[in-house]
Amino acid sequence: MLPYADNHIHSSLCGHAIGSPEDYVKQALKTGLQEIGFSDHAPMVHKPMPHVTMSLKELPLYQAMIEDVQKQYATQISIKIALEADFMPGYENKTEAMTNSYPYDYIIGSVHFIDDWAFDDPAHREYWKNYNVDDVFRKYYALLRQSAQSGLYQIIGHCDLPKKFGARPSLDLSHEIKETARVFKDSGVAIEINTSGLRKPIAEIYPDLNSLKIYHDFGVPLVFGSDAHDPNDVGRDFETAVKWALSAGYKEYVIFKNKKIEKVLPLL
Ligand SMILES: [Zn+2]
Ligand SMILES: [Zn+2]
Numbered sequence: 510m511l512p513y514a515d516n517h518i519h520s521s522l523c524g525h526a527i528g529s530p531e532d533y534v535k536q537a538l539k540t541g542l543q544e545i546g547f548s549d550h551a552p553m554v555h556k557p558m559p560h561v562t563m564s565l566k567e568l569p570l571y572q573a574m575i576e577d578v579q580k581q582y583a584t585q586i587s588i589k590i591a592l593e594a595d596f597m598p599g600y601e602n603k604t605e606a607m608t609n610s611y612p613y614d615y616i617i618g619s620v621h622f623i624d625d626w627a628f629d630d631p632a633h634r635e636y637w638k639n640y641n642v643d644d645v646f647r648k649y650y651a652l653l654r655q656s657a658q659s660g661l662y663q664i665i666g667h668c669d670l671p672k673k674f675g676a677r678p679s680l681d682l683s684h685e686i687k688e689t690a691r692v693f694k695d696s697g698v699a700i701e702i703n704t705s706g707l708r709k710p711i712a713e714i715y716p717d718l719n720s721l722k723i724y725h726d727f728g729v730p731l732v733f734g735s736d737a738h739d740p741n742d743v744g745r746d747f748e749t750a751v752k753w754a755l756s757a758g759y760k761e762y763v764i765f766k767n768k769k770i771e772k773v774l775p776l777l
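Heads up: take any position in the sequence shown, counting from 1, add 509, and you land on our numbering.
Okay, structure coming up:
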């Protein structure tokens with residue numbers, strides 16, 4: 510059985526995704542999804558970053574755009590309104606105010622920056638040469654833990670994103686992942702199985718299977734997301750994601766509403 514919901518969908522407001530919300534909804538209907546959640550890149554709270562996220566001024570427009578399709582398609586599909594918000598240490602209060610500005614169904618917390626370096630941005634890929642890969646992963650896991658403990662998020666997104674361009678730690682970092690899983694469980698956040706990694710140079714789901722097993726063993730709830738920046742990617746590779754989740758030991762996944770787990774659904 511395919512998952513009922515795709516929780517991670519972008520919109521053209523972030524400046525690097527294409528298509529209208531309606532295009533994403535139509536594709537979701539075509540693929541048989543019963544629910545999608547728009548979770549576009551929330552405004553950066555430390556400085557505006559056009560082409561990376563929407564601006565603060567665009568939050569009302571984002572809300573109106575998604576409410577429009579919610580109303581229009583109310584009898585056909587459930588549509589949630591969410592955000593993918595960067596975790597920026599030191600800016601938790603501003604992030605909290607921003608993520609409370611509308612009644613979002615959930616907030617996906619994502620770490621895309623280490624020391625102000627957007628390590629997953631193709632435009633900044635050359636800076637990998639200045640870093641030790643193991644250090645990047647260690648810092649990344651520390652930030653994931655901090656993001657979960659901040660209380661700002663219900664879901665933590667793409668939990669081994671530094672592998673995007675092919676980097677892999679040379680050391681066994683499973684102790685870091687176990688510590689991260691323990692913090693996720695204690696903080697009550699869910700982990701996302703994100704299929705967009707399959708469309709990137711690494712060609713692998715986020716997170717890798719060994720990590721996902723660890724998150725499962727610690728009892729961290731699971732959600733599904735395509736991270737679609739193009740309507741054609743809605744629900745993409747969810748068959749593969751289900752196999753990945755089952756191999757990791759998961760038998761169920763969750764969906765959110767009003768920042769709470771709304772339903773626990775079977776994977777089989
Ligand atoms: Zn992301
Ligand atoms: Zn995303």
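Cβ atoms here follow ideal geometry from the backbone N, Cα and C, with glycine treated the same way. Here the structure is a predicted model, which means the values were calculated and not measured.
Comparing alpha-carbon positions, which option in the options lies nearest residue i?
i: H560; options: Y582, F547 and A627; result: A627
i: P551; options: H517, T749 and D577; result: The residue asked about is misnamed: residue 551 is Ala in this sequence, not Pro. Comparing Cα positions, the closest option is H517.
i: M574; options: I770, S520 and Y600; result: S520
i: E701; options: A712, Q585, Y615 and E605; result: Y615
i: G528; options: F765, L777, H738 and R745; result: H738
i: Q658; options: V732, Q536, S619 and D681; result: S619
i: F765; options: H725, A699, G728 and R745; result: A699
i: Y600; options: E531, Y571 and S656; result: S656
i: N609; options: I623, I590 and D625; result: I590
i: G734; options: K539, M510 and E544; result: E544
i: Q514; options: A606, Y650 and T540; result: In the sequence as presented, Gln is not what sits at residue 514; that position holds Ala. Minimum Cα distance to A514 is reached at T540.
i: K709; options: L774, K648 and D742; result: D742
i: S705; options: F674, K694, P730 and N719; result: F674
i: D538; options: E576, E593, P678 and Y582; result: The amino acid at residue 538 is misidentified as Asp; the sequence shows Leu. Nearest C-alpha to L538: Y582.
i: L670; options: Y649, K769 and A594; result: Y649
i: D643; options: K672, V578, Y533 and N602; result: K672
i: E576; options: G546, M597, K603 and H555; result: G546
i: H621; options: D595, L565, P631 and Q536; result: D595
i: E748; options: K556, H725, R647 and L707; result: L707
What are the partner residues of residue i, as DSSP defines its beta bridges?
i: N703; result: Y715 and G734
i: A594; result: G618
i: A759; result: Before going further, note that residue 759 is Tyr rather than Ala in the sequence given. Y759 pairs with nothing; no bridge assigned.
i: K709; result: For K709, which the question treats as bridged, DSSP gives no partner whatsoever.
i: S587; result: E544
i: K766; result: K769
Under DSSP, the alpha helix (DSSP H) around residue i begins and ends at which residues?
i: V683; result: Sequence check: residue 683 is Ser here, not Val. That run of the alpha helix (DSSP H) goes S683 to S696.
i: A573; result: L568 to Q581
i: D532; result: P530 to T540
Where does the unbroken beta strand (DSSP E) through residue i begin, and where does it stop?
i: A676; result: Premise fails: A676 is in no beta strand (DSSP E) and is neither H nor E.
i: K752; result: Where K752 is concerned, there is no enclosing beta strand (DSSP E), although the alpha helix (DSSP H) it sits in stretches over F747 to S756.
i: V561; result: First-last for V561: undefined, no H or E at that position.
i: G728; result: No beta strand (DSSP E) contains G728, which DSSP labels as neither H nor E.
i: I518; result: A514 to I518
i: P775; result: K769 to P775
i: S521; result: Looking at the DSSP string, S521 is not in any beta strand (DSSP E), and its letter there is neither H nor E.
i: G546; result: E544 to H550
Rounded to the nearest angstrom, how far is the Cβ of residue i from that of residue j, given a contact under 8 Å?
i: I617; j: I664; result: 5 Å
i: E750; j: F727; result: Note on identity: in this sequence residue 750 is Ala, with Glu being the wrong assignment. A750 to F727, Cβ: 20 Å. No contact.
i: C668; j: L653; result: 6 Å
i: L592; j: S548; result: 6 Å
i: P612; j: N767; result: 7 Å
Legend entry - Segments assigned beta strand (DSSP E), at least 3 residues, entirely inside the region 598 to 665: 615 to 619
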